[in-house]
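See structure below.
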């Protein structure tokens, strides 16, 4: 992204944090986790597929990041958020 903007990665990170109050990495992770949450709630994709669709090559790493954010693994989160009667 920084190459496209013709600035250094460090400069882009600094600008991003100044403007949005969080690092670029934190922002991207947050967006990926929100997407994963939506996929778990609204699709029948398995956890590996959700990890792939949100850009994680390792389902184990995806599960760790998801668990840190939501307090439980993705499969457990899906079960806990299923509508009543399903």
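Residue numbers (full-length UniProt numbering): 1 to 86.
The C-beta atom is built at its ideal place from N, Cα and C for all residues, glycine as well.
So, is residue 18 buried or exposed, given that buried needs 16 or more other C-beta atoms within 10 angstroms?
For this step, residue 18 is matched to residue 18 along the chain shown. When all chains shown are included, residue 18 counts as exposed.
Please identify the residue among 44, 33, 8 whose C-alpha is closest to the C-alpha of residue 70.
Position 70 of the chain shown, counted from the first residue, corresponds to residue 70. When each option's Cα is compared against that of residue 70, the closest is 33.
Please state whether DSSP places residue 81 in a helix, a strand or coil.
Here residue 81 refers to the residue found at position 81 of the chain shown. Coil, per DSSP.
Would you call the CB atoms of residue 35 and residue 53 closer than 9 Å?
Locating residue 35 in the chain shown gives position 35, where the first residue counts as 1. Locating residue 53 in the chain shown gives position 53, where the first residue counts as 1. Yes, the pair counts as a contact, with Cβ atoms nearer than the cut-off.
Endpoints, alpha helix (DSSP H) assigned at residue 7:
Walking along the chain shown from the start, residue 7 turns up at place 7. DSSP places residue 7 in no alpha helix (DSSP H); its state is neither H nor E.
Do you know offhand how far residue 79's Cα is from residue 47's?
As a working note, residue 79 is residue 79 in the chain shown. As a working note, residue 47 is residue 47 in the chain shown. Each residue's alpha carbon lies about 12 Å from the other.
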